[in-house]
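One structure is given below, encoded as structure tokens.
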């Protein structure tokens, strides 16, 4: 196969400019993580453990919904934007139209499911679930591919941070979770508008973009199905615990939510590596792929150490007395972080090798493991069982992706 490259993927820049770009790539997710952290503190103090459980369930459902509604653009979109600078706006219109069509179905489903599962404040949880689904409208994937991380910060991260902090201020005083859900919905719409006003992206897709939405979905069906199936081992544990062991939801979420916030922040590094991987020369492509794998593996080890040492120190700040600390669960969370980071490295290498379908195969294998283990271990061992099940599922995904990378490694050929 041919690994394509255009001049747009690796713009000439000074070391200082590259460092600045990397800091911007990292700055957006760091600031983005501040909002859910503030919300965690606000909810545990304003609404207690059951309020935290409702928020965690609603966020799990919302995040799962946006995983489906973004239709794989977050996976394949950045490298398409980088490789095809002349058709970027057409690509954005196509993505926006297909996402809007998907949200018509997915948003109400997310709201209803959150309403039914929330132990308290079901209406507020429904708003949060819907707001989480709306996050799929984020233009961040486009700005990553265009190498414009500052636009992600201005158009997407800062509006969400400001609105979420306002909602947190109200919730710590006993207000409903609905204020947070409203903030999430509003920030998604604001990001959509700012992407047009500030970045010059199309505000509204053309009629033909909507009529081609089914074609877009078919074209990305494998990636979309893989992303949808990944919900089995990201959202299923919270939902399974909510149904089988409701008392364990707050503890599980106390480890899972900060862990996933951290993984989002760390995502700045593999996001930056996507353009780095898009080169024509076979030897250089393999050299860079090897570097990307080592960087992500090293990042995973470092993140595991930080999570293991840092969570006990901040537990009281985040959860006060609402959720008792579990050192063993934190240790398991550290292992999970390391596996997830390593797996992400293999994922971006597969995308660079035009083998994103192999990611779907890995996700399907992991989902099968999760379907078998999550309900059984959640029922048997509560939050600990759920985390162990997720670790086994993630290790399965890592192993399958590793095998696929090895198989593709010698199949790459230089462009002719």
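In my numbering, the protein residues as written are 128 to 543.
Note that beta-carbon positions come from the ideal geometry of N, C-alpha and C, so glycine has one too.
Computed from a predicted structure; not experimentally measured.
- Note on geometry: alpha-carbon atoms of residue 305 and residue 199 lie some 28 Å from one another.
- Of the candidates 513, 376, 337 and 503, the residue whose Cα lies closest to the Cα of residue 230 is 337.
- Taking 9 Å as the cut-off, the Cβ atoms of residue 319 and residue 266 count as close.
- Spanning the alpha carbons of residue 474 and residue 325 requires a straight line of approximately 32 Å.
- When the beta-carbon positions are compared, residue 381 and residue 446 come within less than 9 Å of each other.
- Looking from the CA of residue 260, the closest CA among 525, 309 and 476 belongs to 309.
- Counting other Cβ atoms within 10 Å of its Cβ, residue 276 reaches 16 or more and is therefore classed as buried.
- Secondary structure remark: continuous alpha helix (DSSP H) runs of at least 4 residues inside the stretch 309-360, in chain order: 334-338, 340-346 and 348-356.
- Cβ contact annotation for residue 520 (same chain, cutoff 6 Å, sequence separation greater than five): 360, 493, 496 and 497, in chain order.
- Sequence-distant Cβ neighbours of residue 171 in its own chain, meaning closer than 6 Å and more than five residues away, are 179, 446, 447 and 449.
- When secondary structure is reduced to three states using DSSP, residue 527 falls in the helix class.
- Between residue 242 and the set 201, 357, 366 and 212, the nearest pair of CA atoms involves 366.
- For residue 183, the closest alpha carbon among the candidates 536, 379, 506 and 281 is that of 379.
- Shown here, residue 521 sits in a helix according to DSSP, grouped into three states.
- Inter-residue distance for residue 502 and residue 392 is about 29 Å (C-alpha atoms, whole angstroms).
- For the pair residue 468 and residue 423, the CB atoms are nearer than the 9 Å cut-off.
- Taking a C-beta distance under 9 Å as the contact criterion, residue 483 and residue 477 qualify as a contact pair.
- Counting along the chain, the unbroken alpha helix (DSSP H) around residue 387 starts and ends at 376-393.
- Shown here, residue 265 sits in coil according to DSSP, grouped into three states, outside any helix or strand.
- Between the alpha carbons of residue 317 and residue 163 lies a gap of roughly 18 Å.
- A distance of 9 Å or more separates the beta carbons of residue 287 and residue 460.
- Bounds of the alpha helix (DSSP H) holding residue 227 are 215-244.
- Scanning the stretch 461-508 for uninterrupted alpha helix (DSSP H) segments of 4 residues or longer gives nothing; none is fully contained.
- Between residue 255 and residue 186, the C-beta gap is smaller than 9 Å, which places the two residues in contact.
- By the 16-neighbour rule on beta-carbons within 10 angstroms, residue 341 is exposed.
- Between the C-alpha atoms of residue 428 and residue 454 there is a straight-line separation of about 18 Å.
- Residue 514 and residue 364 have their C-alpha atoms roughly 8 Å apart.
- Counting only residues of its own chain and dropping the five nearest sequence neighbours on each side, residue 157 has a CB closer than 7 Å to the CB of 392.
- Assignment of residue 283 by DSSP, reduced to helix, strand and coil, places it in the helix class.
- Beyond the five residues adjoining it in sequence on each side, residue 223 comes within less than 6 Å, by CB distance, of 332 in the same chain, given in chain order.
- DSSP places residue 304 in no alpha helix (DSSP H); its state is neither H nor E.
- Across the set 169, 516, 415 and 208, the C-alpha of 169 shows the shortest separation from the C-alpha of residue 297.
- For residue 202, the enclosing alpha helix (DSSP H) begins and ends at 200-210.
- In this structure the stretch 410-417 does not touch the stretch 425-445; the number of beta carbon pairs closer than 8 Å is below three.
- By the CB criterion at 9 Å, residue 219 and residue 344 fall outside the cutoff.
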